[in-house]
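A.B. asks:
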Amino acid sequence: MTHLTFCKPIGSALLVSALALCFMSPITAVAQGVPNVDRNRLESELRREALSRAEEQEERQRLDRERRQSKRQPDISAVPLTGPQGGPCFTINRIDLKGYERFGYLPKGYYRLLGTCASLSDIIAVLNDINSHYRDLGYITTRAYLPEQDISDGSLEIVIIPGQIEGFVYAGGKQADRRIKAAFPTKRGKLLNLRDLEQGLENINAPRSAKGKFQLIPGEKPGGSFVEVNVEDGRRFHAGLDVKNTGFETTGIAKTTANLGVDNLLGLNDQLSFALTTTPFDDRAEKYADSVSLSLSVPFGNWSWSGESGASRYYFILPGINQSYPVRGRSHYLTLSAERLLMRNQTSKIFAYGGLKLTRTQTFIDGHEIESQRRSLTIGSAGLRGEHAIRAGKLHWDIGAKFGLDAFSAYVFDKSIVDPEFRLIKARVSYQQPLAGTNLRYKGTLVGQYSESILPGTEQFSIGSWSSVRGFHEDTMYGDSGIYLQNSLEWTAMKRPDFELTFSAGLDAGYVEPSKLRSWSQDYLVGASLGAKMKFHEKVSLELRVAHALSRPTRNPPNSMPAFEASRTVGFASLTMEF
């Protein structure tokens, strides 16, 4: 075990007094004798740890959401009506349309027969147009037909039989249980809409262990159908292990995450996940960074409810001129969120979401709390997001707002310049497109944030990491507003059932708006990267990347943040295993 020897020890009371006097906001407490460069280093380390935890949590939630998105079941085909060509025609002076009332509006196209001499094939074409109209809206079992009639008097009657649900059953005849009732945003007696069935199928397939599909069975009434759901459930428990070098020299570079998940614990297509992250390869007497989280997500029709709670702690030694300072930090958070599907069609989905997050953080030097670093924040969020299929490409967008609330014992040190009731707007757009005729795929992500508030560290915008501008790790640029663009070109060199090899190249750029509090010799970063990823049997993946900083702050003008001094070239390695 390493023993620390303090050359000039001072008393606890003196230390606390010195911390309060010398450490200005946002770090307003540090011992006398620690030079400005070390105060800056402590501020940088604390902010970097906070930003890293916030980014990892956001990235984990986004990946979980993407994993829950199932492949759309193909539309159920319908055979158009046909009839003999030619034949006698009849002048149509009036059209009586019946059965459309449940939809609340008239279908398109039927009126084009008015004032024309229509043959049977012309009338059948209109019926097909009406059926196509409803089909495009998702009402795939709604049909228009001609009752027996005499149209020689110039009047035509068209009857629409609305397709409706007569019930849900499992394959094999088992009656629907709460799992099915919770999954589908519709019920017996409602109009049958394919979009509702697709949404229910996605909810059933949300757990990793579930593979579901459905088919329609003719009902007992005209237009009626039973929805037969066939679900194949695999192992409910799943586990994983992830090792990667995204940590920092101060608290440990190699981070290991073990996770455990349980599907359908409540029988509502729910997912319960537990994750533990630590730095196991470092001497814990010198440094460590640990975190633990527990999350639960429950889809319910067009809604999705989720909650997550977690805690983290870290420890490192801050060297000084005359003595070293042991620094400890801990934080806790609780997040509750809800999301609702607003619109869905064949190619697009739009959601609205909102949430509430409570965070509590504390920092200690030599066992004494730095009061100015105590944060009790209550953060609300709301926004819209969408998913769109554009030919072979996929477009995802998200625009939302975050705002600090004076609720649930929110607290910020009185002399802190941080605004606890901050406001910010953040937007994210990502697009991926395979290049026709090749094994290449383009992926682009554009992220921007704007705020006129002085934000707490966890809500600041930062660039210079593997998730923003690649080519940076120990050095980052941060502020209240900014934007970055990440571009990647991927090449699938080999793809077999038991092995997949992908190479990638990237070019990124980002900008942070300078402020009176902080600015660098330049306000932008540019970086490039190369990488390779291997997958084995869909259970093990190994990813290796290298990135280089093409442009970064290299000068130290007066009243500016220090120039970037870490290596211009950084590497990334990740090993992921699923059990």
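Per mature numbering (1 follows the signal peptide of the UniProt record, and there is no 0): the sequence shown = residues -31 to -1, 1 to 548.
Glycine residues also receive a C-beta, built at the ideal position from the N, C-alpha and C atoms.
Give, in chain order, every unbroken run of the alpha helix (DSSP H) that is at least 4 residues long and sits entirely within the region 102 to 175.
C.D. replies: Runs of the alpha helix (DSSP H) inside the region 102 to 175: 147 to 152, 163 to 173.
A.B. asks: Since I believe R487 is in contact with M546 (beta carbons under 8 Å), could you give me their beta-carbon distance rounded to a whole number of angstroms?
C.D. replies: Not really, about 41 Å apart at Cβ, beyond 8 Å.
A.B. asks: Exposed or buried, what is S505 when buried is set at 16 or more other beta-carbons lying within 10 Å of its beta-carbon?
C.D. replies: It is worth fixing the name first, because residue 505 is Phe in this sequence and not Ser. By the 10 Å Cβ count, F505 comes out exposed.
A.B. asks: Short of 8 Å in beta carbon distance, which residues of its chain neighbour S121, apart from the five on each side in sequence? Order them along the chain.
C.D. replies: F59
A.B. asks: In chain order, what residues of the same chain have a beta carbon less than 6 Å from the beta carbon of W274, not counting five sequence neighbours either side?
C.D. replies: Cβ neighbours of W274 beyond the five flanking positions: V267, A307.
A.B. asks: According to DSSP, is N408 part of a helix, a strand, or is it coil?
C.D. replies: coil
A.B. asks: Quick one, are the C-beta atoms of L346 and G440 less than 8 Å apart?
C.D. replies: No, these two residues do not count as a Cβ contact at 8 Å.
A.B. asks: From what residue to what residue does the beta strand (DSSP E) around W460 run?
C.D. replies: 451 to 465
A.B. asks: Give me the residue from L513, P527, S450 with the minimum Cα distance to Y493.
C.D. replies: S450
A.B. asks: Measure the alpha-carbon distance for N528 versus W489 and round it to whole angstroms.
C.D. replies: 9 Å
A.B. asks: State the DSSP-derived secondary structure class of V438, mapped to helix, strand or coil.
C.D. replies: coil
A.B. asks: DSSP three-state call for V398: helix, strand or coil?
C.D. replies: strand
A.B. asks: Considering only residues of the region 200 to 261, which uninterrupted beta strand (DSSP E) runs meet the minimum length of 3 residues and lie entirely inside it, listed in chain order?
C.D. replies: 206 to 213, 224 to 232, 240 to 247
A.B. asks: Classify E27 as helix, strand or coil using the three-state DSSP reduction.
C.D. replies: helix
A.B. asks: Does the region 400 to 415 come within contact of the region 358 to 374, defined as at least 3 CB pairs closer than 8 Å?
C.D. replies: Counting Cβ pairs under 8 Å, three or more are found: they touch.
A.B. asks: Please work out which residues of its chain come closer than 6 Å, Cβ to Cβ, to L327, disregarding the five sequence neighbours upstream and downstream, and give them in chain order.
C.D. replies: The residues are L303, T347, F377.
A.B. asks: Suppose contacts are defined by Cβ-Cβ distances below 8 Å. Is A208 in contact with N228 by that definition?
C.D. replies: yes
A.B. asks: Which one or two residues does DSSP pair with L32 in a beta bridge?
C.D. replies: L32 is not bridged to any residue.
A.B. asks: With H, G and I counted as helix, E and B as strand and the rest as coil, what does DSSP make of L185?
C.D. replies: Three-state DSSP puts L185 in a strand.
A.B. asks: With distances taken from CA atoms, which of V231, G123, T215 is nearest A87?
C.D. replies: G123
A.B. asks: Let me know if P522 comes out buried or exposed under the rule of 16 or more other beta-carbons within 10 Å of its beta-carbon.
C.D. replies: buried
A.B. asks: State the beta-bridge partners of H357 as determined by DSSP.
C.D. replies: S317, L364
A.B. asks: How would you write the range of the beta strand (DSSP E) that H517 sits in, first residue to last?
C.D. replies: Taken as a continuous stretch (DSSP letters only), the beta strand (DSSP E) holding H517 covers 509 to 520.
A.B. asks: For Q342, name the three-state secondary structure that DSSP assigns.
C.D. replies: Helix at Q342.
A.B. asks: How far does the beta strand (DSSP E) with V481 in it reach, from first residue to last?
C.D. replies: 468 to 481
A.B. asks: For G352, list the residues DSSP reports as bridge partners.
C.D. replies: The partner list for G352 (beta bridge, DSSP) reads Y322, G369.
A.B. asks: Give me the Cα-Cα distance between R537 and H517, rounded to the nearest whole angstrom.
C.D. replies: About 6 Å.
A.B. asks: For V495, list the residues DSSP reports as bridge partners.
C.D. replies: For V495, the beta-bridge partners assigned by DSSP are A478, S520.
A.B. asks: Note down, in chain order, each residue of its chain lying with its Cβ closer than 6 Å to the Cβ of S389, except the 5 sequence neighbours on either side.
C.D. replies: In the sequence under discussion, the amino acid at residue 389 is Pro, which differs from the Ser named in the question. So the qualifying residues of the chain are G373, A379, V381.
A.B. asks: Measuring straight from C-alpha to C-alpha, what distance separates F541 and D98?
C.D. replies: 56 Å
A.B. asks: Just to confirm, are L241 and R147 a CB contact at a threshold of 8 Å?
C.D. replies: no
A.B. asks: Could you please give me the residues that DSSP links to G500 through a beta bridge?
C.D. replies: S473, R514
A.B. asks: Check whether the Cβ atoms of L305 and A321 sit closer than 8 Å, and answer yes or no.
C.D. replies: no
A.B. asks: Of the residues I359, R16, G323, S341, which one's Cα is nearest the Cα of L353?
C.D. replies: G323
A.B. asks: Have a look at G230 and R34 and give me their C-alpha separation to the nearest angstrom.
C.D. replies: Rounded to the nearest angstrom, the gap between the Cα atoms of G230 and R34 is 15 Å.
A.B. asks: According to DSSP, is A376 helix, strand or coil?
C.D. replies: coil
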